[in-house]
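Line order of the protein sequences matches chains L and V.
For the first sequence, the numbering used here assigns the number 659 to the initial residue and increments by one for each residue that follows.
For the second sequence, the numbering used here assigns the number 659 to the initial residue and increments by one for each residue that follows.
A virtual CB, placed ideally from N, CA and C, is assigned to each residue, including glycine.
2 protein chains.
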Amino acid sequence: MQKKASGMNYAPRSAEGTTRKACARGEFQLGVIGLDHGHIYGMCNGLTEAGGEVAMVYDPDPVKVEAFLKAFPGTPVARSEDEVLQDKDIRLVASAAVPVRRAELGIRAMECGKDYFADKPPCTTRDQLERARRVTQETGRFYSVYYSERIHVEASVMAERLIREGAIGRVVQVINIAPHRMSLEQRPDWFVDPTQYGGIIVDIGSHQIEQFLYYTGARDAQVESSRVGNFTVPQHPRFEDFGDATLTADTGAVGYMRVDWLNPDGLGAWGDGRMFVLGTEGYMEVRKYIDVARDPEGDHLYLVDRQGEHYFNAAGKEGFPFFGNLIRDCLERTQTAYSQHTAFKAIELALDAQENARKLDGTALR
Amino acid sequence: MQKKASGMNYAPRSAEGTTRKACARGEFQLGVIGLDHGHIYGMCNGLTEAGGEVAMVYDPDPVKVEAFLKAFPGTPVARSEDEVLQDKDIRLVASAAVPVRRAELGIRAMECGKDYFADKPPCTTRDQLERARRVTQETGRFYSVYYSERIHVEASVMAERLIREGAIGRVVQVINIAPHRMSLEQRPDWFVDPTQYGGIIVDIGSHQIEQFLYYTGARDAQVESSRVGNFTVPQHPRFEDFGDATLTADTGAVGYMRVDWLNPDGLGAWGDGRMFVLGTEGYMEVRKYIDVARDPEGDHLYLVDRQGEHYFNAAGKEGFPFFGNLIRDCLERTQTAYSQHTAFKAIELALDAQENARKLDGTALR
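1. Between His968 (chain V) and chain L, is the shortest Cβ-Cβ distance under 9 Å, so that the two count as touching?
2. Which residues, in chain order, does the segment 911 to 943 of chain L contribute to contact with chain V at a C-beta distance below 9 Å?
3. On the DSSP bridge assignment, give the partners of His968 (chain L) in chain order.
4. Kindly indicate if chain V contains any beta-carbon less than 9 Å away from that of Thr890 (chain L).
5. Below 9 Å between beta carbons: does that hold for Ser814 (chain L) and Arg808 (chain L)?
6. By the criterion of Cβ-Cβ separation under 8 Å, what are the contact partners of Ser814 (chain L) in chain V?
7. For Ala713 (chain V), does the three-state DSSP call read helix, strand or coil?
8. Does Phe775 (chain L) come out as helix, strand or coil in the three-state DSSP assignment?
9. Assuming contact is defined by CB atoms lying nearer than 9 Å, are Met915 (chain V) and Gly863 (chain V) in contact in what I supplied?
10. Determine the contact status of Ala1015 (chain L) and Gly857 (chain L), defining contact as a CB-CB distance below 9 Å.
11. Starting from the C-beta of Ala1025 (chain L), find all residues in its chain whose C-beta is less than 6 Å away, skip the five residues before and the five after it, and write them out in chain order.
12. Would Ala817 (chain L) and Val950 (chain L) be called neighbours here (beta carbons separated by less than 9 Å)?
13. Please return the same chain residues whose Cβ sits closer than 7 Å to the Cβ of Cys781 (chain V), not counting the five positions on each side in sequence.
14. Give me, in chain order, the residues of the same chain whose beta-carbon lies closer than 6 Å to that of Pro846 (chain L); leave out the 5 immediate sequence neighbours on both sides.
15. Using the Cα positions of Leu750 (chain L) and Ala927 (chain L), report the straight-line distance between them to the nearest angstrom.
16. Looking at Met714 (chain V) and Glu741 (chain V), is the spacing between their C-beta atoms short of 9 Å?
17. Report back the beta-carbon spacing between His810 (chain L) and Ala754 (chain L) to the nearest angstrom; my notes put them in contact at under 8 Å.
18. Can you name the residues of chain L whose CB is closer than 9 Å to the CB of Arg885 (chain V)?
19. By a C-beta neighbour count over all protein chains shown, 10 Å radius and 16 as the cutoff for buried, is Leu1018 (chain L) buried or exposed?
20. Helix, strand or coil: which one does DSSP assign to Arg737 (chain V)?
21. To the nearest angstrom, report how far apart Leu820 (chain V) and Asp717 (chain V) are at their CA atoms.
22. For Pro992 (chain V), does the count of other Cβ atoms within 10 angstroms reach 16, so buried, or fall short, so exposed?
23. Going straight from the alpha carbon of Glu711 (chain V) to that of Ile765 (chain V), what length do you get?
24. Could you tell me the boundaries of the alpha helix (DSSP H) in which Gly700 (chain L) lies?
25. Less than 9 Å between the beta carbons of Asn888 (chain V) and Gly798 (chain V), yes or no?
26. Determine, for Thr794 (chain V), whether the minimum Cβ-Cβ distance to residues of chain L falls below 9 Å.
27. Where does Gly940 (chain V) sit, in a helix, a strand or coil, going by DSSP?
28. Taking 6 Å as the limit between beta carbons, can you name the residues of its chain near Gly913 (chain L), skipping five residues before and five after?
29. My understanding is that Ile826 (chain L) touches Asp963 (chain L), with C-beta atoms under 8 Å, so please give their C-beta distance in whole angstroms.
30. Do we get a CB-CB distance below 9 Å when we pair Tyr960 (chain L) with the residues of chain V?
31. In the DSSP assignment, find the beta strand (DSSP E) that holds Val803 (chain L) and state where it starts and stops.
32. Give the residues of chain V in contact with Arg760 (chain L), contact being defined as C-beta atoms less than 9 Å apart.
33. Anything in the segment 800 to 832 of chain L with a Cβ closer than 9 Å to a Cβ of chain V? List those residues in chain order, please.
34. How far does the beta strand (DSSP E) with Asp918 (chain V) in it extend, from its first residue to its last?
35. Alpha carbon to alpha carbon, how far is Val917 (chain V) from Leu693 (chain V)?
36. Taking 9 Å as the threshold (C-beta atoms), are Val756 (chain L) and His695 (chain L) in contact?
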């Protein structure tokens, strides 16, 4: 699967060939429920490249199912969610349903003894979060999340490794800038309704907050300030095309993130995602999806330390260890791929930032 | 004067040859008092290239005066501040004295009928600001400020022009990242004492806030959050090597700025200053002093709009119109080069952010 240089959705680079299978054939079967967001393809690609098999798919919309079968030919199609949830061989249920429905499905999946793998955001309300958290404790099942910008971008994987290896000393700050292309005419109705997607900081920003927690090594953080606004979509007054937030981690490190739907059409990628990690002994910049006016491909990492300036192209160098680790975690009940604590903490902080955000009056912009 | 690729201070590119003289020979004489910061050279270069003449210099330290005479040979040396302030031919007094002393000097200069040109920050306390503001009103004199990162960087001048021309639509956000090389061993004692320099947001951040006001076209703004910390200099516990702030402008636009003294020694410039301006129809990024691992020189502007991705090298293209305009302003009592309102508003907001900043515990950093 090749990355598209432009268009709406980011199709992660395939790691096939560089990824070691994490399990034997038939050992890890997943069921798919809910194809509303294209991220489901990245989720299934990651898991199947690591040895998993898509054993069954369900969506009420036959058009979406048909499209899915083109990417995963021969997948048995279930007649209901229950058929997937009751299947004894399925160990994990993956879903990119409309965000507001992800938690309910995950709770049912866990209560049926399955682990769960939700597209981000994993939920859209505090009540959903608390119930999901409780059910993970009650059932011992995992509610993992596809925070793709960290786990499914090789430059992000490289950044995480370099930070861990001490390349920039202790992490002082993470700045994450995440513009997205709106392509409003191609979007479903739920895209512009915050009761469906949770607001821009929940929907996109949970990504950035999760990265902040991982790169700083934080267990917890505090939202210092946040803002949301609608600068360009007056026909959908409740939609948010801009959000930002500042956070302070329990490690002492600080973060700033911006998320938006203002990516201009002239960019040869769906968004010019950037991350700056400032350390006590150097800093790095990740240009995730493009290097503007220089390279239409992504996965660029620039590192400056005491010795000099360094450039790394991470494409094909790191793979995506998350997926194989998640499979082993599910099989062995460990938590190496991810931390259940952090998966929930990221969305909890996103909900904090969303709920308390200052509402910007985008229509007043001069 | 050539820009140094590394080192402590940024020596702006000369605009000689591209800059039209703004006045006749002998028409605009300036007196220089206070050579504590190297910015005085940029200030005097800018004004002399635009037609001004350095008519007299004073500093209590003969070593600093001697160094100044190497750059501006033959300048008459005054025996006291008063000798400069009482000189009838001097129209403007320029100063890069220790920040805490800049306001007092400026007030005296204005009371002597001179315009004033202070290095940034123009003052360090609210009381100084209010007195300076009052004296500009009482005397009708100007208290202009060398906010060099906007007025003395050609890529910044180009950004301002492109924004004015509508290249990115209306301005939604400005992100300004301003790392600086500390070079602690080369710094005077006042550098580490916040009572002398006003704190990192006042000292450096007044720059970033001034840029925010100019690029958004704001008259006023509100500080939403701010933080300061000391992550790497435990031997000077009151020193601040990190600061950041979020602001919301009266235009509806928003801003984020980070300032720090953590620029790693391996960078081939004193700081990797970056600015991102997000508009409703595009965005631009300015790489002011270097393009990491690509070009040791600065003045890079990347622009993405609806049509495509564009790269501009601003060096030698824009010049520094501020200085000639300031001279004309002083001669004609207009305010085209700068706005007295904005010069004071920038430091007022910096004082707000500094006073209310959350104090980060840098020693706790894991």
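Taking the structure as given:
1. yes
2. Ala911, Val912, Tyr914, Arg916, Asp918, Leu920, Asn921, Pro922, Asp923, Gly924, Leu925, Gly926, Asp930, Arg932, Phe934, Leu936, Gly937, Thr938, Glu939, Gly940, Tyr941, Glu943
3. His968 (chain L) is bridged to L:Leu961.
4. yes
5. yes
6. Within chain V, no residue comes near Ser814 (chain L); the closest Cβ sits about 18 Å away, beyond 8 Å.
7. strand
8. strand
9. yes
10. yes
11. No statement about residue 1025 (chain L) is possible, as the shown extent of chain L runs from 659 to 1024 and does not include it.
12. no
13. Arg760, Ala761, Leu787, Ala790, Ile1005
14. Cβ neighbours of Pro846 (chain L) beyond the five flanking positions: none.
15. Per the coordinates, the alpha-carbon of Leu750 (chain L) lies some 32 Å from the alpha-carbon of Ala927 (chain L).
16. yes
17. A Cβ-Cβ separation of about 13 Å leaves His810 (chain L) out of contact with Ala754 (chain L) under the 8 Å criterion.
18. Glu882, Thr904, Thr906, Val912
19. Per the 10 Å Cβ criterion, buried.
20. Here Arg737 (chain V) sits in coil by DSSP.
21. 40 Å
22. The sequence shown places Thr at residue 992 (chain V), not Pro. Exposure of Thr992 (chain V) is indicated by the presence of fewer than 16 other C-beta atoms within 10 angstroms of its C-beta.
23. 22 Å
24. Judged by DSSP secondary structure, Gly700 (chain L) falls within the alpha helix (DSSP H) whose first and last residues are 697 to 707.
25. no
26. no
27. strand
28. Val832, Phe870, Leu905
29. At roughly 7 Å, the Cβ-Cβ gap stays under 8 Å, so Ile826 (chain L) and Asp963 (chain L) are in contact.
30. Contact of Tyr960 (chain L) with chain V is assigned, a C-beta pair being separated by under 9 Å.
31. 801 to 804 is the extent of the beta strand (DSSP E) around Val803 (chain L).
32. Per Cβ cutoff of 9 Å: no residues; Arg760 (chain L) is ~30 Å from chain V at best.
33. Ile826, Gly827, Arg828, Val829, Val830, Gln831
34. For Asp918 (chain V), the enclosing beta strand (DSSP E) begins and ends at 912 to 918.
35. Their backbone Cα atoms lie some 24 Å apart in a straight line.
36. yes
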